[in-house]
Amino acid sequence: MQWVGLDIGSLTVKIVVLDKGGALVFTKVVPSGRSGIQAAKALLDEVPTSRRFVVVTGYGRVCMEGADLEVSEITCHARGAAHLYGDVGTVIDIGGQDSKVLRVEPNGRVVQFAMNDRCAAGTGRFLEVMARALDVPMADLDDLAARAVEPVPISSTCAVFAESEVVGHLAAGRRVEDVVAGLLDGIAARVAGLARQVGVRPRVVMTGGVALNSGVVSRLEALLGAPISVPANCQVVGALGAALLGMERGQQNGRS
Amino acid sequence: MNTDKDAILARFKIAAALPPNRWITEYPRARPMAVFCSYVPEEMILAAGFAPVRVRKQPSQSGAWGEHLQSYACPLARSLLEQAADGELAGFAGAVFAHSCDTMQALADIWRMRFAGGFAWVVNVPTRLDGPHAMEYTLRELMDFRAALEGLTGKPIGDDDIRAAIGLCNRVRALLARLDALRDRMTNAEFYAATLAAQTMPREEFIPLAESLIPHIEAAPPMTGRPRAILVGAILDDLTVPALADEVGLHLAGDDLCTSARYMEGPVSADTPPLEALAARSLGRTTCPAKHREDWRRGAALVALARQRQAHGVIFYLQKFCDPHAFDYADARRDLDAAGIPHITLEDDAGPATAQWRTRLQAFAEMLGGRTP
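If you read the sequences in order, they're chains U and X. For the first sequence, the residue numbers in our numbering are -6 to 249. For the second sequence, the residue numbers in our numbering are 5 to 377.
The following block contains the structure:
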């Protein structure tokens, strides 16, 4: 039996496969593209076994047919982070479509959580839109921000208004590096506000694609006054949690 | 009348989802009067010969509200104005507001200018419900409202007419209270379909249906094992939130909603003069966030409600830009935190955010799943 966690997000689809004993045998991240469900099915095809227990999470979870279990990404990220860090107290997950802060017990049980409201402020999509407006690759945002001299405050939290603001600053001759630093300041402030809603307890673990941006992480550390641990494969923590929850459920039901 | 359980619930669901522009077709024998707040004494409207219909937010269509309101007015005010401007309330005898918050008062003022010639009335309820002159003030307001309705119909409204309407509304409230006690034998969507239908259908049609439904519900086994939550907010526009809670296995064990618990509270006394009885209910019922009372603290009341209903958590369902609820929210959160009662917030703007609400509700259900009340 293999335990499969499938996290169908708005920007990427992630898969984690654990063997019978819980050891990692396969993981992959692919773009969601036009259809996250199609991308997820293609990923599943790369796991050639009929003896598998599939747990699906992420925004696409409701539409994925054939899964054995459907679990919210909040529960999955908490479970995955607790597996990687036995002393976790807070999980910050900034994904493509939403950002969330979870207060968790060391066993991975969620005791409180807060999520961004409906707009894209403070999400990976926000950064993606801004990178496009600045005409720079997403991967370069970190380095650009590090070269900032005088960060430009971005007052709009709405992605649409912020995009106009960014264009205005560039037209006014502000340096791209300074604008990028202002954007990262804004996203960190937004997520720190969410974190304060639930109360930050060490150890703080950050998951999701935006955790790859060390500029956002360092800003959050400064705002929260706490070091943040970022797992090596931060994008697949939700899928890992899903696979682990599947293993627990399967073992409870006598499947192995 | 079809007394089959599914047939009755289907009728309730139709009524709960009925847009105002289809009301007259659905219930051709009655003349509707739009009501926008549970502080409106619908007994007076019934006594005047109209059917009170609680008009709620509808999905945005034309944006006609933009001529008069800023975008930071609450979505309820925007939608009500839009529905009227788009002719959705054609055939209604008029509209009755209560002075709940500044936005609704401003909406009433705009309404009277925009739709001059139509019947639009504001029933003022004192902001301080326990003030020394609150009863006298409310009584005067009810007398003025009676006179306004008499002016509209050209017929006097006698105390006996109001007493009869009080009896009818008390019956509705008693039936809803019975269903409230049987919530664990119904889905969330079924229960809230009944509460919304009670405020939409002609009351004479609702009562026999509810009376026929209750024995079916009583005979059903309770659904156990679901995490229990209290739903808190202003109005429930439709069944989206209850249905999503059903989907994720969350039982809404109680609520503090204008369109549910605060509506069904009662009964109105049948032993005192009718206007005094109606005023006493307005001043004495669970305090809406737009009102104040010296001895009332919303957070403490929610903690007590959660404990009474053995709820594991509380769901705030807030309308964007609703200041009274936002003001109470901060204190209520603090009180719930102090009591160790988890809570989440769903925010509604112009329409349901189904996917995001589902994630929050599912995560909340998963989080509460291991708890015991």
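Even for Gly, the Cβ is constructed at its ideal location relative to N, Cα and C.
Below 8 Å on the Cβ atoms is my guess for residue 59 of chain X versus residue 32 of chain X; work out the distance and round it to an integer in Å.
Rounded to the nearest angstrom, the Cβ distance from residue 59 of chain X to residue 32 of chain X is 18 Å, too far for a contact under 8 Å.
Can a CB atom of chain X be found closer than 8 Å to the CB of residue 153 of chain U?
No, residue 153 of chain U does not count as interfacial toward chain X.
Using a C-beta cutoff of 8 Å, does residue 105 of chain U count as contacting chain X?
A Cβ of chain X is located within less than 8 Å of the beta carbon of residue 105 of chain U.
Using only alpha-carbon positions, find the residue among U/153, U/152, U/110, U/151 that is nearest to residue 324 of chain X.
Of U/153, U/152, U/110, U/151, the residue nearest in Cα terms is U/110.
Residue 129 of chain U by DSSP, collapsed to three states: which one?
In the structure shown, residue 129 of chain U falls within a coil segment according to DSSP collapsed to helix, strand and coil.
For the beta strand (DSSP E) holding residue 347 of chain X, just list the boundary residues, first then last.
For residue 347 of chain X, the enclosing beta strand (DSSP E) stretches over residues 347 to 352.
Nearest candidate by alpha-carbon position, reference residue 231 of chain U, set U/37, U/48, U/32
The candidate whose alpha carbon is nearest that of residue 231 of chain U is U/48.
Which of helix, strand or coil does DSSP assign to residue 93 of chain U?
In the structure shown, residue 93 of chain U sits in a strand (DSSP, three-state: E or B).
Could you check whether the Cβ of residue 367 of chain X sits closer than 8 Å to any Cβ belonging to chain U?
Residue 367 of chain X counts as touching chain U.
Cutoff 8 Å; reference residue 69 of chain X; Cβ partners in own chain excluding five residues on either side
The beta carbon of residue 69 of chain X is closer than 8 Å to those of 77, 81, 82, 83, 85, 86, 89 in its chain, skipping five residues each way along the sequence.
Per-residue contacts from residue 346 of chain X into chain U (C-beta, under 8 Å):
104, 105, listed in chain order.
Residue range of the unbroken alpha helix (DSSP H) whose run includes residue 328 of chain X
From DSSP, the alpha helix (DSSP H) with residue 328 of chain X extends over 327 to 342.
Every unbroken alpha helix (DSSP H) inside the region 206 to 256 of chain X [4 residues or more]:
207 to 223, 244 to 251, all fully within the region 206 to 256 of chain X.
Chain U beta carbons: is any one of them nearer than 8 Å to that of residue 230 of chain X?
No, because no Cβ of chain U sits closer than 8 Å to the Cβ of residue 230 of chain X.
Looking at chain U, is there any beta carbon in it that lies within less than 8 Å of the beta carbon of residue 363 of chain X?
With respect to chain U, the C-beta atom of residue 363 of chain X has a partner C-beta closer than 8 Å.
Does the Cβ of residue 329 of chain X have 16 or more other Cβ atoms within 10 Å, making it buried, or fewer, making it exposed?
Label assigned to residue 329 of chain X: buried.
Assuming residue 20 of chain X contacts residue 235 of chain X (C-beta within less than 8 Å), just tell me the rounded distance between them.
Actually they are not in contact, since the Cβ atoms of residue 20 of chain X and residue 235 of chain X sit about 15 Å apart, beyond 8 Å.
When Cβ atoms are compared, which residues of the region 76 to 102 of chain X fall closer than 7 Å to chain U?
Of all residues in the region 76 to 102 of chain X, none has a Cβ within less than 7 Å of some Cβ in chain U.
With a threshold of 8 Å between beta-carbons, can residue 159 of chain U be considered close to chain X, or not?
With 8 Å as the cut-off, residue 159 of chain U does not count as an interface residue toward chain X.
Exposure label - residue 411 of chain X; buried when at least 16 CB within 10 Å
Residue 411 of chain X lies beyond the residue range present for chain X, which begins at 5 and ends at 377; the question has no answer from this structure.
Answer with yes or no whether the minimum CB distance from residue 86 of chain U to chain X is below 8 Å.
No, because no Cβ of chain X sits closer than 8 Å to the Cβ of residue 86 of chain U.
Any idea if residue 231 of chain X is buried or exposed, counting beta-carbon neighbours within 10 angstroms, 16 or more meaning buried?
Under this definition residue 231 of chain X is a buried residue.
Please confirm whether residue 359 of chain X has its beta-carbon closer than 8 Å to some beta-carbon of chain U.
For residue 359 of chain X, the answer is yes, since a Cβ of chain U falls inside 8 Å of its Cβ.
If contact is defined by three or more beta carbon pairs under 8 Å, each pair taking one atom from either stretch, is the region 36 to 45 of chain U in contact with the region 88 to 102 of chain U?
The region 88 to 102 of chain U and the region 36 to 45 of chain U do not touch, with fewer than 3 CB-CB distances between them shorter than 8 Å.
Comparing alpha-carbon positions, which option in U/187, U/24, U/194, U/238 lies nearest residue 348 of chain X?
Between residue 348 of chain X and the set U/187, U/24, U/194, U/238, the nearest pair of CA atoms involves U/187.
Measure the beta-carbon distance from residue 86 of chain U to residue 70 of chain U and round it to whole angstroms, keeping in mind my assumption that it falls under 8 Å.
Rounded to the nearest angstrom, the Cβ distance from residue 86 of chain U to residue 70 of chain U is 5 Å, consistent with a contact under 8 Å.
Kindly confirm or deny that the region 155 to 170 of chain U and the region 55 to 63 of chain U touch, where touching means at least three C-beta pairs closer than 8 Å.
When C-beta atoms of the region 155 to 170 of chain U are compared with those of the region 55 to 63 of chain U, fewer than three pairs fall below 8 Å, so the two segments do not count as touching.
Round the Cβ separation of residue 339 of chain X and residue 318 of chain X to the nearest angstrom and send it over; I've been treating them as touching at under 8 Å.
Taking a contact as a CB-CB distance under 8 Å, the pair residue 339 of chain X and residue 318 of chain X does not count as one, their CB atoms being some 10 Å apart.
Buried/exposed call for residue 95 of chain X, threshold 16 Cβ in 10 Å:
Residue 95 of chain X comes out exposed.
Bridge partners for residue 258 of chain U per DSSP, in chain order?
Since the first residue shown for chain U is -6 and the last is 249, residue 258 of chain U is missing from the structure and cannot be characterised.
With a 10 Å radius around its C-beta and 16 neighbouring C-beta atoms as the bar for buried, classify residue 151 of chain U as buried or exposed.
Looking at its Cβ environment, which holds fewer than 16 other Cβ atoms inside 10 Å, residue 151 of chain U is exposed.
Between the region 68 to 87 of chain U and chain B, which residues of the former have CB atoms less than 7 Å from a CB of the latter, in chain order?
Given the protein chain composition of this structure (U and X), no chain B is represented.
Taking C-alpha atoms, which residue in U/11, U/204, U/245, U/147 lies nearest to residue 174 of chain U?
The residue from U/11, U/204, U/245, U/147 with its alpha-carbon nearest to that of residue 174 of chain U is U/147.
Per DSSP, residue 7 of chain U is paired with what?
U/0, U/22, per the DSSP bridge assignment.
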